[in-house]
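There are 2 protein chains.
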Amino acid sequence: MQRTRGRAPSGGRAGALSQEVIVGAAVSLLDELGERGLTFRLLAKELNTGTGALYWHVSNKDELVDLAADQVLGHAFAAHPSLEEDAASGLRALAVAVFDALDRHPWAASHVSAPPTLANALRLLDRVGTLVARTGLPAERHFTVATAISYYITGVSAQIIAPRPTHDATVSREDFLARTARRWEELDPADYPFLTRTTQHLRDHADRDQFIAGLDLLLDGLNATAAPRPPAGDSNAW
Amino acid sequence: MQRTRGRAPSGGRAGALSQEVIVGAAVSLLDELGERGLTFRLLAKELNTGTGALYWHVSNKDELVDLAADQVLGHAFAAHPSLEEDAASGLRALAVAVFDALDRHPWAASHVSAPPTLANALRLLDRVGTLVARTGLPAERHFTVATAISYYITGVSAQIIAPRPTHDATVSREDFLARTARRWEELDPADYPFLTRTTQHLRDHADRDQFIAGLDLLLDGLNATAAPRPPAGDSNAW
DNA sequence: TTGCTTATGGAACGCCGGTCCATATGGATG
DNA sequence: CATCCATATGGACCGGCGTTCCATAAGCAA
Numbered sequence: 001m002q003r004t005r006g007r008a009p010s011g012g013r014a015g016a017l018s019q020e021v022i023v024g025a026a027v028s029l030l031d032e033l034g035e036r037g038l039t040f041r042l043l044a045k046e047l048n049t050g051t052g053a054l055y056w057h058v059s060n061k062d063e064l065v066d067l068a069a070d071q072v073l074g075h076a077f078a079a080h081p082s083l084e085e086d087a088a089s090g091l092r093a094l095a096v097a098v099f100d101a102l103d104r105h106p107w108a109a110s111h112v113s114a115p116p117t118l119a120n121a122l123r124l125l126d127r128v129g130t131l132v133a134r135t136g137l138p139a140e141r142h143f144t145v146a147t148a149i150s151y152y153i154t155g156v157s158a159q160i161i162a163p164r165p166t167h168d169a170t171v172s173r174e175d176f177l178a179r180t181a182r183r184w185e186e187l188d189p190a191d192y193p194f195l196t197r198t199t200q201h202l203r204d205h206a207d208r209d210q211f212i213a214g215l216d217l218l219l220d221g222l223n224a225t226a227a228p229r230p231p232a233g234d235s236n237a238w
Numbered sequence: 001m002q003r004t005r006g007r008a009p010s011g012g013r014a015g016a017l018s019q020e021v022i023v024g025a026a027v028s029l030l031d032e033l034g035e036r037g038l039t040f041r042l043l044a045k046e047l048n049t050g051t052g053a054l055y056w057h058v059s060n061k062d063e064l065v066d067l068a069a070d071q072v073l074g075h076a077f078a079a080h081p082s083l084e085e086d087a088a089s090g091l092r093a094l095a096v097a098v099f100d101a102l103d104r105h106p107w108a109a110s111h112v113s114a115p116p117t118l119a120n121a122l123r124l125l126d127r128v129g130t131l132v133a134r135t136g137l138p139a140e141r142h143f144t145v146a147t148a149i150s151y152y153i154t155g156v157s158a159q160i161i162a163p164r165p166t167h168d169a170t171v172s173r174e175d176f177l178a179r180t181a182r183r184w185e186e187l188d189p190a191d192y193p194f195l196t197r198t199t200q201h202l203r204d205h206a207d208r209d210q211f212i213a214g215l216d217l218l219l220d221g222l223n224a225t226a227a228p229r230p231p232a233g234d235s236n237a238w
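Just so you know, the protein sequences line up as chains L and C, in that order.
Going by full-length UniProt numbering, the residue at position 210 of the first sequence is 210; the numbering climbs one at a time, nothing skipped.
Going by full-length UniProt numbering, the residue at position 54 of the second sequence is 54; the numbering climbs one at a time, nothing skipped.
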């Protein structure tokens with residue numbers, strides 16, 4: 001019965017509760033304590049109310065966290081107003097904005113899903129699609145390519161960002177990488193020929209650059225298939 | 001204290017418990033009931049023991065699920081023995097094998113993480129890296145490219161596969177897609193210009209093909225950057 | 001004022017992850 | 001064969017969680 005509550009705060013009570021303020025408080029708590037630390041009891045105390053009141057505006061914890069993640073995704077659009085750029089750099093900028101937004105709220109990364117159902121996830125796919133449509137790719141490929149890029153953005157961001165909370169906040173990133181590198185070095189080169197000689201790159205790599213490198217690979221592929229016949233000069237001219 | 005229990009079942013008791021059999025039973029339960037349905041109590045009953053005994057072999061539920069997911073990832077290697085192929089088709093086959101393995105155990109998709117720490121996740125990155133090294137790409141790019149591809153495989157698989165359990169098993173995939181398509185059609189074309197004219201592709205798309213299409217895009221990019229100067233004839237000859 | 005819908009908050013329920021501990025098992029030692 | 005101890009077991013128990021329920025309040029229409 002309490003579907004789709006949280007209309008605009010107009011006309012309500014004074015210290016009115018609403019889905020919007022609840023989700024906002026949830027984001028703060030999630031940033032501070034992570035997904036495990038977010039509790040309806042704690043959230044209720046934070047908002048000076050009881051758990052029952054919260055359930056009037058939000059149907060359960062899964063929905064709450066999904067809404068919170070979608071709000072975080074919304075930050076990316078605020079940080080990246082749709083500039084008038086060419087398609088390739090527009091896609092790059094959008095992707096990086098999403099990565100950075102999720103990077104600031106690691107718990108959210110694993111909750112932005114596709115095919116999208118929430119408002120900002122829908123907006124993301126739509127913007128990617130609009131930019132893809134500008135590349136001159138044949139129309140029948142737009143959906144597939146747009147979806148692939150969206151999947152890359154959210155899926156790979158989640159892979160890169162999510163692993164951290166597994167380990168204590170007491171362990172710094174450098175320590176973690178150094179420890180992992182050492183473990184790779186101790187592996188049997190016969191079983192793991194590649195890893196055992198690649199540990200230095202692991203130590204030096206930056207997550208954000210890694211994300212961008214893969215994205216560029218994807219966009220290069222797009223470029224290559226969009227213009228299969230190599231043009232005379234600059235192959236970057238879409 | 002109970003780190004790294006579960007030595008080979010040799011020499012133990014008769015109905016010996018071990019990490020291996022526990023993880024195996026967990027996989028079955030996860031397949032049947034999902035992550036929420038897996039319970040130490042239920043698992044204990046299934047194995048005719050108590051919860052305390054389980055904790056002797058596995059330190060907590062997170063570790064148990066991670067181990068279960070890694071076991072599922074191992075299925076992919078069994079299904080895809082390292083054939084002697086050229087790098088491109090080898091990467092394709094490996095990626096698809098992983099996707100298929102995760103597709104059969106949807107709960108596992110969101111638990112294979114990178115940078116890898118468990119045995120089969122390490123193997124995956126190593127195999128990808130080995131194949132990448134065969135492409136003739138300059139050595140200093142091996143790590144970045146291999147990581148990007150691994151991220152794509154696990155991250156995008158998770159994106160494609162994970163969303164399903166959110167909805168009841170009572171709703172078929174076709175129903176879900178049709179419903180989503182209808183919702184996209186009802187959006188305001190001013191806000192969502194791309195989505196509102198792309199609903200037919202949504203209805204028709206196949207997840208597996210979608211995964212492969214994005215992968216091919218990535219591999220095309222690899223191909224393009226590996227051989228920046230387009231060779232005379234076939235551009236697929238690595 | 002009356003009556004109905006919307007909204008609130010806190011008590012209570014059932015279940016879960018995890019710990020504790022009394023007990024058993026079986027190989028090593030003599 | 002008797003003893004001992006690290007290994008292993010299983011069930012009771014604890015604290016805390018998501019969720020439900022319900023008695024009540026607050027706004028609004030007649």
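Ideal placement from N, C-alpha and C gives every residue a C-beta, glycine not left out.
What alpha helix (DSSP H) runs, 4 residues minimum, are completely inside the region 116–155 of chain C? 119–133 and 142–151
Is DSSP giving L:Ala87 helix, strand or coil here? helix
Over what stretch of residues does the alpha helix (DSSP H) that includes L:Arg41 continue unbroken? Phe40 to Glu46
Helix, strand or coil at C:Thr4 according to DSSP, with G and I counted as helix: The pLDDT assigned to C:Thr4 is 46, lower than 50, so where the model puts this residue is not dependable; a value taken from the coordinates is nonetheless given after this. In the structure shown, C:Thr4 sits in coil (DSSP, three-state: anything other than H, G, I, E or B).
Give the straight-line distance between the Cα atoms of C:Leu122 and C:Pro116, rounded to the nearest whole angstrom. 5 angstroms
Suppose you measure from the CA of C:Arg5 to the CA of C:Lys45; what does that come to, to the nearest Å? Confidence is the limiting factor: at C:Arg5 the pLDDT is only 48, short of 50, which leaves the residue's position unreliable, though a coordinate-based value still follows. So the alpha carbons of these two residues sit roughly 21 angstroms apart.
For a contact defined as C-beta to C-beta under 8 angstroms, what are the partners of C:Gln210 on chain L? Thr144, Thr147, Ala148 and Tyr151
Three Cβ pairs or more, each shorter than 8 angstroms: is that satisfied between the region 177–192 of chain L and the region 67–74 of chain L? no
Starting from L:Pro193, find everything on chain C with Cβ-Cβ shorter than 8 angstroms and list it in chain order. Asp126 and Thr130
Beta-carbon neighbours of L:Thr180, restricted to chain C and to distances below 8 angstroms: Pro115 and Thr117
With 7 angstroms as the threshold, decide whether the Cβ of L:Gly155 is near any Cβ in chain C. yes
Reduced DSSP category for C:Tyr192 - H, G, I as helix; E, B as strand; rest coil: coil
Does any C-beta atom of chain C lie closer than 7 angstroms to the C-beta of L:Thr199? no
Please list, in chain order, the chain C residues whose beta carbon lies closer than 8 angstroms to that of L:Thr225. Leu217 and Asp220
For C:Leu94, the nearest candidate out of C:Trp107, C:Ala79 and C:Pro106 (CA to CA): C:Ala79
Who are the near neighbours of C:Thr166 in its chain, counting only those whose CB is closer than 8 angstroms to its CB and skipping five residues on each side? With a pLDDT of only 49 at C:Thr166, under 50, the local geometry of the prediction cannot be trusted, and no value is derived from it.
Would you say the region 141–157 of chain L touches the region 205–220 of chain C, given that touching needs at least three Cβ pairs under 8 angstroms? yes
Which class does C:Ala162 belong to by DSSP, given the choice of helix, strand or coil? coil
Based on Cα-Cα distance, which residue from L:Phe99, L:Leu54, L:Ala178 and L:Asp191 lies nearest to L:Ser150? L:Phe99
Residue-level contact to chain L via CB, C:Gly214, 7 angstroms cutoff: yes
In chain L, which residues lie less than 7 angstroms from C:Ala133 when you measure between Cβ atoms? Phe194
Separation of C:Ser28 from C:Ser18, as counted between CA atoms: 16 angstroms
Assigned exposure category for C:Arg127 - 16 Cβ within 10 Å defines buried: buried
Could you check whether C:Arg141 and C:Leu177 sit closer than 7 angstroms to each other, using their CB atoms as the reference points? no
C:Pro106 by DSSP, collapsed to three states: which one? helix
Limits of the alpha helix (DSSP H) - the one that C:His205 falls within: First-last for C:His205: undefined, no H or E at that position.
Taking C:Leu91 and C:Leu131 to be in contact with their CB atoms under 8 angstroms, please state how far apart those CB atoms are, rounded to whole angstroms. 5 angstroms
With DSSP run on the structure shown, which of helix, strand or coil describes L:Ser18? coil
L:Ala16 burial status per 10 Å Cβ neighbour count (16 or more: buried): exposed
Using a Cβ cut-off of 7 angstroms, pull out every chain C residue sitting near L:Leu137, in sequence order please. None at all; the shortest Cβ gap to chain C is about 11 angstroms.
Which term fits C:Ala88, buried or exposed, when burial requires 16 or more other beta carbons within 10 angstroms of its beta carbon? buried
Contact defined as beta carbons within less than 8 angstroms: I believe L:Gly155 pairs with C:Ala158. What is the distance between those atoms, to the nearest angstrom? 6 angstroms
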